[in-house]
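Below is one structure, written out as structure tokens; the observations come after it.
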Amino acid sequence: MRIERQVLFWIAAAALLLLSIALLRDVLLPFVMGIAIAYVLSPLVDGLTRLGMSRTLASLLVVAAGGVAVVVLIAILAPIVSSQAQQLATSLPADLERARTGFDQWARETIGPTFPALDASFPRLVQSISENWAALVAWGASSLWSGGRAVFNFVTLLLVTPLVVFYVLVDWHPMLERIDGWLPRDHAATIRRLASEMNDAIAAFVRGQGTVCVLLGALYALGLTAIGLNYGLLVGLGTGLLSFVPFAGWALGLITAAVLALVQFWPEAMPLLMVIGLFCAGVALDAALLSPKIVGSKIGLHPVWLIFALIVFSYLFGFIGTLIAVPLAAALAVLVRFAVDVYLDSDVYRGRSQDASDGAGRGISAS
Numbered sequence: 016m017r018i019e020r021q022v023l024f025w026i027a028a029a030a031l032l033l034l035s036i037a038l039l040r041d042v043l044l045p046f047v048m049g050i051a052i053a054y055v056l057s058p059l060v061d062g063l064t065r066l067g068m069s070r071t072l073a074s075l076l077v078v079a080a081g082g083v084a085v086v087v088l089i090a091i092l093a094p095i096v097s098s099q100a101q102q103l104a105t106s107l108p109a110d111l112e113r114a115r116t117g118f119d120q121w122a123r124e125t126i127g128p129t130f131p132a133l134d135a136s137f138p139r140l141v142q143s144i145s146e147n148w149a150a151l152v153a154w155g156a157s158s159l160w161s162g163g164r165a166v167f168n169f170v171t172l173l174l175v176t177p178l179v180v181f182y183v184l185v186d187w188h189p190m191l192e193r194i195d196g197w198l199p200r201d202h203a204a205t206i207r208r209l210a211s212e213m214n215d216a217i218a219a220f221v222r223g224q225g226t227v228c229v230l231l232g233a234l235y236a237l238g239l240t241a242i243g244l245n246y247g248l249l250v251g252l253g254t255g256l257l258s259f260v261p262f263a264g265w266a267l268g269l270i271t272a273a274v275l276a277l278v279q280f281w282p283e284a285m286p287l288l289m290v291i292g293l294f295c296a297g298v299a300l301d302a303a304l305l306s307p308k309i310v311g312s313k314i315g316l317h318p319v320w321l322i323f324a325l326i327v328f329s330y331l332f333g334f335i336g337t338l339i340a341v342p343l344a345a346a347l348a349v350l351v352r353f354a355v356d357v358y359l360d361s362d363v364y365r366g367r368s369q370d371a372s373d374g375a376g377r378g379i380s381a382s
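Positions 16 to 382 (the working numbering) are the ones given, in order, by the sequence shown.
What follows is the structure, given as structure tokens:
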């Protein structure tokens with residue numbers, strides 16, 4: 016039963032790790048972001064070291080180049096995105112009032128006075144949102160600030176994350192070698208195999224899905240802007256960024272873009288249909304080409320298990336849980352498959368009578 020005891024030990028270690036994440040989730044975001052970015056950039060640093068560059072210099076160069084790229088990207092996109100966000104906050108009440116008037120006229124002409132409840136409910140809802148828009152914005156800002164206290168503040172995130180990325184990149188291989196030296200010698204080969212499978216699954220998602228997010232963000236931003244949707248760049252880039260969380264990002268982007276299209280173009284239906292078609296094309300492109308070619312099939316997660324992991328980890332760990340849900344679920348899936356294999360090969364599953372009959376059969380065969 017030694018194998019069973021080892022499995023119980025590692026299950027307990029994993030439970031302790033999850034408990035630690037739950038207790039420290041309010042301060043983990045800079046470190047989680049830094050480790051994830053270092054994980055993505057580590058192959059690039061390895062390539063530079065193979066060219067003869069020291070790992071410290073290669074890490075510094077990669078972090079500096081990444082910082083410059085982020086600054087340039089922010090300098091280009093931030094004014095546009097900020098302008099669209101401010102415009103959205105200031106003009107949405109007027110847009111909702113215009114949509115309310117248009118819906119009221121359409122309801123009177125199409126449905127008639129026989130549906131007074133329907134004729135009154137939607138305008139009342141729109142008017143309520145319009146009148147309380149400032150309060151909603153204040154509530155949203157307060158919620159974001161409350162969540163921001165979990166990482167102290169945005170400045171802390173910007174300062175700590177690059178340092179974590181640099182030091183993790185520098186110590187990446189020594190850290191792995193040190194961890195490998197801590198492995199129990201009798202099971203080191205098995206743990207290395209499991210770690211390799213988990214690395215393949217996590218790398219496929221983190222590195223592959225990051226690329227998919229960039230491509231989808233560009234597609235949605237350009238498509239919505241071409242349609243003429245106000246705030247199309249903001250919504251498209253946001254949808255691409257949120258696509259790191261499967262299903263949720265696409266659904267939220269579609270709902271937001273559809274509502275904005277209704278408010279802006281009412282009563283025209285073609286822009287709304289074009290928005291829906293764009294998002295359907297995006298999800299089809301992702302499912303048929305991007306994810307299979309870039310992410311691959313190494314994650315090995317059933318969609319139901321994926322949705323369950325997103326809900327559970329986001330509930331337990333908040334925003335941190337949402338970020339780590341899919342990679343952690345992929346790693347846990349490897350461990351679960353291994354645990355099932357161990358169970359199927361154990362006395363608990365086969366029973367002692369099966370072992371005895373197998374032994375007797377081998378004895379008869381030998382005679």
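Don't be surprised by glycine CBs; every beta carbon is placed ideally from N, CA and C.
Note that the coordinates shown come from a computational prediction; the quantities given were computed from them, not determined experimentally.
Buried/exposed call for residue i, threshold 16 Cβ in 10 Å
i           : result
residue 246 : buried
residue 283 : exposed
residue 362 : exposed
residue 98  : exposed
residue 85  : exposed
residue 260 : buried
residue 24  : exposed
residue 338 : buried
residue 303 : exposed
residue 319 : exposed
residue 269 : buried
residue 192 : exposed
Pairwise C-alpha distance: residue j and residue i
i           : j           : result
residue 224 : residue 215 : 13 Å
residue 53  : residue 197 : 22 Å
residue 194 : residue 286 : 56 Å
residue 228 : residue 78  : 21 Å
residue 279 : residue 290 : 12 Å
residue 248 : residue 187 : 37 Å
residue 33  : residue 51  : 17 Å
residue 65  : residue 59  : 10 Å
residue 93  : residue 83  : 15 Å
residue 325 : residue 343 : 10 Å
residue 308 : residue 219 : 10 Å
residue 360 : residue 242 : 59 Å
residue 358 : residue 364 : 6 Å
residue 239 : residue 89  : 20 Å
residue 27  : residue 305 : 37 Å
residue 29  : residue 35  : 10 Å
residue 353 : residue 207 : 13 Å
residue 256 : residue 73  : 28 Å
residue 189 : residue 258 : 33 Å
residue 347 : residue 57  : 23 Å
residue 288 : residue 277 : 10 Å
residue 299 : residue 321 : 19 Å
residue 179 : residue 366 : 50 Å
residue 67  : residue 355 : 45 Å
residue 330 : residue 31  : 18 Å
residue 70  : residue 61  : 8 Å
residue 87  : residue 95  : 13 Å
CB contact flag (residue i, residue j, <8 Å)
i           : j           : result
residue 44  : residue 172 : yes
residue 350 : residue 209 : yes
residue 176 : residue 49  : yes
residue 345 : residue 217 : yes
residue 250 : residue 271 : yes
residue 328 : residue 336 : yes
residue 55  : residue 221 : yes
residue 237 : residue 275 : no
Residue of the options minimising C-alpha distance to residue i
i           : options               : result
residue 254 : 233, 292, 306 and 179 : 233
residue 181 : 195, 75 and 250       : 75
residue 301 : 190, 275, 269 and 230 : 230
residue 235 : 31, 273 and 67        : 273
Distance cut-off 7 Å: residue i Cβ against heavy atoms of the ligand FAD
i           : result
residue 215 : Of the ligands one can find in the structure shown there are none, so the ligand FAD has no counterpart to examine.
Determine, using beta-carbon pairs with one atom in the stretch 38-48 and one in the stretch 196-203, whether at least three such pairs fall under 8 Å.
no
Please determine if the stretch 263-275 and the stretch 283-299 are in contact, where contact requires at least 3 C-beta pairs separated by less than 8 Å.
yes
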